[in-house]
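Structure record follows, encoded as structure tokens.
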Amino acid sequence: MKEDKLVKVMIKASKLAYEKELRTLQIELLKMQNHIKDTGMKLLLLFEGRDAAGKGGTIKRITEHLNPRGARVVALDKPSDIEKTQWYFQRYVSHLPSAGEIVLFDRSWYNRAGVEPVMGFCTPEEHEDFLRSVPGFERMLMNAGILVLKFYFSVSKEKQAKRFKDRKTDPLKHYKISPVDEKAQKLWDKYTIAKYSMLLASQTPGTPWTIIRSDDKKMARINCIKHIISHIDYPDKISDEFLKTDDTIVLDGNEEILIMESNMNIKKEID
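Residue numbering for the sequence shown follows the working numbering, beginning at 1331 and increasing consecutively.
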């Protein structure tokens, strides 16, 4: 009984510490947003990752207290018949940030680097063309004065399976289950290969990837927000020490590529 009580106390203390840190960071996000509005900056945040990786929960905490007039979340549905005939990037362009605005993409043009080729929603040629084109497209965004931060939320296979199970048993989460989700575990290795190809093609000095290890959702949210804030200078900013991220949770794209290559070589040796 004493051990159970101690565990409950520790869990409560951990939750309070998380909520306190999150509140501090959300205040910083507001200060950052005011600066972006005052200076006419354009901030674009891309959130990618496997299903149930925790992207949506992070976006929710980022935008929770921001002024909605200057911050938008874009989560596009599958393309219409007309959009299918357009230049691939065309339907995303109209949602890019204007001066003084923050835009968060809950999945973006990188659908063509992950879900589409794995699920057969695009041809191999379309996939290859995307990988060749995306660095140039993002250079155009940079040249237009848009600051682009790209996040890939990396969840383990075991944790993803648990989250899918939770979605199926919780009536409030049923809406999160889709046919694509149902196949995610079976197609795990194919998604891994697609992720590797995406990182190789689109990890550039101007628009690098930031990998967020997201098995612990709360720590993933905290560290992602810290990373965003650390990239913007604004008045009365909190200390750099407070914004220091956990290097076991936050990695750059090049680190992830090396880790993936190492794991692939190990798997080949085992096979």
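For glycine and all other residues, C-beta sits at the position ideal for the given N, C-alpha and C. Everything numeric in this text was worked out from a predicted model, so none of it was measured.
Item	Value
Reduced DSSP category for residue 1507 - H, G, I as helix; E, B as strand; rest coil	coil
Cβ shell of residue 1600 (< 6 angstroms), same chain only, five flanking positions each side left out	Bear in mind that a pLDDT of 47 at residue 1600, under 50, signals an unreliable position, so the number given afterwards is only what the model happens to contain. So the list is empty, once near-sequence residues are dropped.
Touching by the beta-carbon criterion (3+ pairs, under 8 angstroms), the region 1560 to 1574 and the region 1513 to 1524	no
C-alpha gap between residue 1378 and residue 1343, whole angstroms	31 angstroms
Local Cβ density within 10 Å of residue 1602, reported as buried at 16 or more and exposed below that	Because the chain is modelled from 1331 through 1601, residue 1602 falls outside the range shown and cannot be assessed.
Nearest neighbour of residue 1590, chosen from 1579, 1530, 1575, 1580 [CA to CA]	1530
Buried or exposed by the 16-neighbour rule on C-beta atoms within 10 Å, applied to residue 1447	buried
Pair within 7 angstroms by beta-carbon distance, residue 1419 and residue 1467	yes
Segment contact flag, the region 1406 to 1424 with the region 1348 to 1360, C-beta cutoff 8 angstroms, min 3 pairs	no
Contact under 7 angstroms by Cβ, residue 1483 with residue 1384	yes
Contacting residues, own chain, Cβ-Cβ under 6 angstroms from residue 1635 (five flanking each side not counted)	Here the chain comprises residues numbered 1331 to 1601, so residue 1635 is not present and cannot be evaluated.
Under 7 angstroms between C-beta atoms of residue 1429 and residue 1370	yes
7 angstroms Cβ cutoff met for residue 1401 and residue 1432	yes
Proximal residues to residue 1506 (C-beta, below 7 angstroms), its chain only, five neighbours per side dropped	1497
Terminal residues of the beta strand (DSSP E) in which residue 1579 lies	Neither: residue 1579 is in no beta strand (DSSP E) and is coded neither H nor E.
Proximity below 7 angstroms, CB of residue 1535 to CB of residue 1583	no
Residue range of the unbroken beta strand (DSSP E) whose run includes residue 1379	1372 to 1379
Any beta strand (DSSP E) of 3 or more consecutive residues that is wholly inside the region 1347 to 1429	1372 to 1379, 1401 to 1404
Residue from 1399, 1395, 1440 with nearest C-alpha to residue 1525	1440
Exposure label - residue 1510; buried when at least 16 CB within 10 Å	exposed
First through last residue of the beta strand (DSSP E) which encompasses residue 1439	First-last for residue 1439: undefined, no H or E at that position.
Three-state class that DSSP yields for residue 1606 in the structure shown	Limits of the chain in this structure are 1331 at one end and 1601 at the other, which puts residue 1606 out of reach.
Exposure of residue 1528, with buried meaning 16 or more beta-carbon neighbours within 10 Å	buried
Alpha-carbon to alpha-carbon, residue 1491 and residue 1347	28 angstroms
C-beta contact flag for residue 1481 and residue 1542 at 7 angstroms	yes
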